[in-house]
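The listed protein sequences derive, respectively, from chains A, B and C. Position in the first sequence (from 1) plus 902 gives the number in this note's numbering. Position in the second sequence (from 1) plus 590 gives the number in this note's numbering. Position in the third sequence (from 1) plus 814 gives the number in this note's numbering. Think of the CB as a built atom: it goes at the ideal place given N, C-alpha and C, for glycine as much as any other residue.
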Amino acid sequence: MSLTATELERLKSILIHKVHHIKRVLQVTEKLIAVSDVKQREELWKEVEDMSAILERVRMEFVNEVLVFMARRQPLGRELLTAHILISIAYDVYRISRYCREIARIDSMLASSSSGLSTVANLSEAFKEAVKAIEAALSDLVEFSPRRTNIVKEIDTRIDDVYKSVLLEITSSTTVSRDMAVKALIMRHIERMVDHAQYIEQYLSELI
Amino acid sequence: MYSWRKLREKLFTGLVIALSLLAIAPVLHLIATVFVNGLTVIAEAGLGFFTGLPPTPLSRELGGIAPSIAGTLIMTALSLPSTVLLGLFAAILTTEFPKNPLSVAIDAVAKSLASIPTIAVSMIVYTLVVIPMRGFSALAGAIALTIIALPYAYTYFSTALRSVPSIYREAAFAVAMSRWSTVTRVFIPIARRSAVVGVLMTMARVMGETAALLFTAGRFRASVALSPTAPADSIPLLIFDYILSPYTIWHRVAWGATALLLIAYMAVFIATKLVVKEVKL
Amino acid sequence: MSNVSVYIKSRQILSRVTLKIPYNTVFVIMGPSGSGKTTLLRVINRLIDLVEGARIEGSVKVLGFDALNSDPYELRKHIGTVFQVPNPFPHLTIYENVAIAAKINGVAKSRKELNDVVKWALEKAMLWDEVRNRLHDHPHQLSGGQRQRLCLARALAMKPRLLLLDEPTANIDPVNARKLEEAIVSLKDEITVVMVTHSPHQAARVADYVAVLYDGSVVEHGPAQQLFLRPSTEVAQKLLRGEM
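If you want it as structure tokens, here you go:
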């Protein structure tokens, strides 16, 4: 294997390693949406916050490494495409963790006055669906092949429908309850997370 | 160890210098002998050496070698242009079209012509030119000199042209030069130093040839002959005849003539070095 | 070029090469050493005639000429060539090197026109600023890169419609190589440029169209953007990776 190919494999493996961290972030955020105990939720906020910060730093270092690879090896053809895709997917993975962090932040602001997001109707189910889509995309990332594109597309359509219905409910009322507002905010983040899972599938398809 | 290595180096350098001096010593000795013996004669004779007629065997005056100088100049003037032109054109032909049957033939002829003894050339020209003309002449001498010098001229010019890297041929063709333009505007100018040296070497060959003129020129020293169809003399012929004679005065004239010939050669070669700039590739 | 095959003393160098080179573009022919790139260029400008035992089949149309059946000297008046080894005429000055190309091709009719053409050609070759005060120097006083740009100026002084470049930066330093590449790219509005290179990165920097030559055959060709991001053959990909 040439030096360029070896370097590229190394960078892929770094990105794939991030998958474990993002899966953990998703798990924690899923738990956060489901529980109502404030103390538990406090621990979960901190965990999501810390892991997101790590993922952000890791992303910046990773992008730097890919840029150095491009400057040194000056890849062309598939290697150039792959380098571009690695940077793009790293960004998508980072954004997914950012949305989890935003969800944790919203929950932390609700802490003193309510039982958290667990009381908002159907939010937990929607998030579980989103996690399915993201995990499918991440599995494809590990294999570096877009095998589960259809699954992600289907879930994306469903989440889009749920988000649209929430927006419709808000726009058709003259007053908006606090739960409704929170649901709209969270659904927006969930919808964006699944979008990023879609982007990961699209980038992987470009390599074919 | 260190001092033995240095010593060995110095010994080797010394050996190389000594052997080099040994190699050029005969040439230096030759030049020195000619100048010592010849320049004194020229100094004694003064300008008359160049304008006067050769002395009689018992004469006290040194006289001069004007007929020989004139004869050499005329025969050189007659044979050099034709030798150079023919040699150059033959070299151009064989360089540009090496696989052509004519080029192959020219190459073969040039090599074999060079090995013919010069005295045989003299006899051939005697048969083909002197007898039909019913007399010796500068023209016959010039023809003999041309035949002898031609292979050398061809070889010099051929080597000069072949020494030009072929990348310049491609460059010339790339700017849409024709074959002829390529030779005249690129190859010959680039090889100009070698070409001029070729001309001079041809001239040296022509000026210094003796055997070729034995049965052709005529050895006429009674006066200065300017007509190409009249018998003539040449400096090498005069040296040949006078050195073999028993007369001291003629020996001295021969030394003077030798010194003059050597000065002429050296002047020409020094002039080449100064006038013709080498083309730096 | 249509179905062009070239044999040199019974060895096949090019095999049924078919290419269409668009006007006013930089067309790069890429390939490993020995793939026949230089031979392909020499077919276009008929310098292949200088190669002993060369035989060409197929048809080549260049700027309206049937290249294989036209007078090569007439053909070459419209084609400028720059070779791998810089070869400015050593016996001519910098000015004369450029001027001779213009004079031979009747590009300039007067002294003033000649001066203008020489200046224009040296400017296009990005050499004018470096030699404007030393036009009467000889090429051996220039660096290798400057000599190659002088060769480019000489080719341009012919006002050719087609410029052929055979690995023009192979023997010069990287700084001069970049200058030469910039000069080449700036020419395409006026001239069609065909360049041969074995460096995929150089091709990536200058090419509008690329043809990949391997073992005497064209394995892939098309717009540069397409080839450099999504080559469709393994040979092209290996070449881009530098594995050939």
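- prompt: The alpha helix (DSSP H) spanning Gly677(B) covers which residue range?
  reply: For Gly677(B), the uninterrupted alpha helix (DSSP H) run begins and ends at Ala656 to Glu686, by DSSP.
message: Counting only Cβ pairs nearer than 8 Å, list the residues of chain B close to Met972(C).
response: The answer, in chain order, is Val765 and Ala766.
task: Measure from the alpha carbon of Asp1097(A) to the alpha carbon of each residue in Arg1003(A), Ile991(A) and Val1022(A), then state which is nearest.
output: It is Ile991(A) whose Cα lies nearest to the Cα of Asp1097(A).
- request: For chain C, find out if any of its Cβ atoms is closer than 8 Å to the Cβ of Val869(B); answer yes or no.
  value: Contacts with chain C at 8 Å (Cβ-Cβ) include Val869(B).
- request: Output the distance between the C-alpha atoms of Arg938(A) and Asp952(A), rounded to the nearest integer angstrom.
  value: One detail in the question is off: residue 938(A) reads as Ser in this sequence, not Arg. Straight-line Cα distance between these residues: approximately 21 Å.
Supposed close pair Arg1060(A), Glu1031(A) - CB separation, criterion 8 Å: About 6 Å; that satisfies the 8 Å criterion.
- request: Find the nearest neighbour of Thr685(B) within the set Ala622(B), Gly725(B) and Leu751(B), judged by alpha-carbon distance.
  value: Cα-wise, what sits closest to Thr685(B) is Leu751(B).
task: Please work out which residues of its chain come closer than 8 Å, Cβ to Cβ, to Phe903(C), disregarding the five sequence neighbours upstream and downstream, and give them in chain order.
output: Here the set comprises Glu910, Asn911, Ile914 and Pro953.
query: At which residues does the beta strand (DSSP E) containing Ser829(C) begin and terminate?
result: Here the beta strand (DSSP E) through Ser829(C) covers Arg825 to Val831.
- request: With DSSP as the reference, please indicate the residues paired to Val1032(C) in a beta bridge.
  value: Answer by DSSP bridge pairing, in chain order: Leu1027(C).
task: Please compile the residues from chain C whose C-beta is within a distance smaller than 7 Å of the C-beta of Pro779(B).
output: Under the 7 Å cutoff, chain C gives His905.
field: Neighbouring residues, chain C, relative to Val776(B) (Cβ below 7 Å)
entry: Those are Phe903, listed as they occur along chain C.
- request: Taking the CB atoms as reference points, tell me whether Ile858(C) and Leu978(C) lie closer together than 8 Å.
  value: Taking 8 Å as the Cβ cut-off, Ile858(C) and Leu978(C) qualify as a contacting pair.
field: Classification of His619(B) by the beta-carbon crowding that lies within 10 angstroms, buried from 16 upward
entry: Under this definition His619(B) is an exposed residue.
Candidates Leu735(B), Asn690(B) and Leu692(B), of which the one nearest Ile709(B) by Cα: Distance check between Ile709(B) and each of Leu735(B), Asn690(B) and Leu692(B) places Leu735(B) closest, using alpha-carbon atoms only.
query: How about the region 933-942 of chain C and the region 957-969 of chain C: do they share at least three Cβ pairs that are nearer than 8 Å?
result: Touching, per the Cβ criterion.
- prompt: If you draw a straight line from the alpha carbon of Leu835(B) to that of His841(B), how long is it in whole angstroms?
  reply: This sequence places Ser at residue 835(B); Leu is not what is there. Rounded to whole angstroms, the separation of the alpha carbons of His841(B) and Ser835(B) is 8 Å.
query: Just to confirm, does Leu970(C) get its C-beta within under 7 Å of one of the non-hydrogen atoms of the ligand HEM?
result: Ligands displayed in this structure: none; no statement on the ligand HEM is therefore possible.
- prompt: Would Pro1014(C) pass as a contact of Leu978(A) if the rule is Cβ separation under 8 Å?
  reply: For Pro1014(C) and Leu978(A), yes; Cβs fall inside 8 Å.
query: Are the C-beta atoms of Thr983(C) and some chain B residue less than 8 Å apart?
result: So, not an interface residue.
task: Going by CA-CA distance only, name the one from Ile935(A), Thr908(A) and Ile998(A) that's closest to Arg961(A).
output: Comparing Cα-Cα distances from Arg961(A) to each of Ile935(A), Thr908(A) and Ile998(A), the minimum goes to Ile998(A).
message: According to DSSP, simplified to helix, strand and coil, what is Arg869(C)?
response: Note: Arg869(C) maps to strand in three-state DSSP.
query: Near Gly1056(C), which residues of its chain fall below 8 Å by C-beta distance, leaving aside the five closest residues on each side in sequence?
result: Hits under 8 Å: Pro1014.
query: Nearest chain A C-beta to Glu1057(C) closer than 8 Å, yes or no?
result: Glu1057(C) counts as touching chain A.
For Gly846(B), the nearest candidate out of Phe679(B), Gly636(B), Gly604(B) and Leu605(B) (CA to CA): Taking only the C-alpha atoms, the option nearest Gly846(B) is Gly636(B).
message: Using CA atoms only, rank isn't needed, just tell me which of Lys891(C), Thr1011(C), Tyr1023(C) and Ser924(C) is closest to Asn985(C).
response: When only C-alpha atoms are compared, the closest one is Thr1011(C).
task: Could you tell me which of Phe841(C), Pro988(C) and Leu956(C) sits nearest to Leu833(C), measuring between CA atoms?
output: The residue among Phe841(C), Pro988(C) and Leu956(C) with its C-alpha nearest the C-alpha of Leu833(C) is Phe841(C).
- prompt: When you compare only the Cα positions, how much space is there between Asp823(B) and Ile833(B)?
  reply: Computed Cα separation, rounded: 15 Å.
field: Pair within 8 Å by beta-carbon distance, Ala801(B) and Tyr742(B)
entry: The answer is no: Cβ separation not under 8 Å.
field: Three-state class that DSSP yields for Phe1046(A) in the structure shown
entry: Reduced to three states, the DSSP call for Phe1046(A) is coil.
query: Taking buried to mean at least 16 other C-beta atoms within 10 Å of its own C-beta, is Gln1051(C) buried or exposed?
result: Around the C-beta of Gln1051(C), 16 or more other C-beta atoms lie within 10 Å, and the residue is accordingly described as buried.
- request: For the alpha helix (DSSP H) containing Ile843(C), list its first residue and its last residue.
  value: Unbroken run through Ile843(C) is the beta strand (DSSP E), Val840 to Met844; no alpha helix (DSSP H).
message: For Ala680(B), which residues in the same chain have their Cβ closer than 6 Å to its Cβ, ignoring the five residues on either side in sequence?
response: The residues are Ile696 and Tyr744.
field: Cutoff 6 Å; reference Val999(C); Cβ partners in own chain excluding five residues on either side
entry: Excluding positions up to five away in sequence, the list reads Val1020.
field: Beta-bridge pairing of Phe879(C) - partner residues as DSSP gives them
entry: Val876(C), per the DSSP bridge assignment.
- request: Give the DSSP-derived three-state secondary structure of Pro836(B) in the structure shown.
  value: It is coil, neither helix nor strand.
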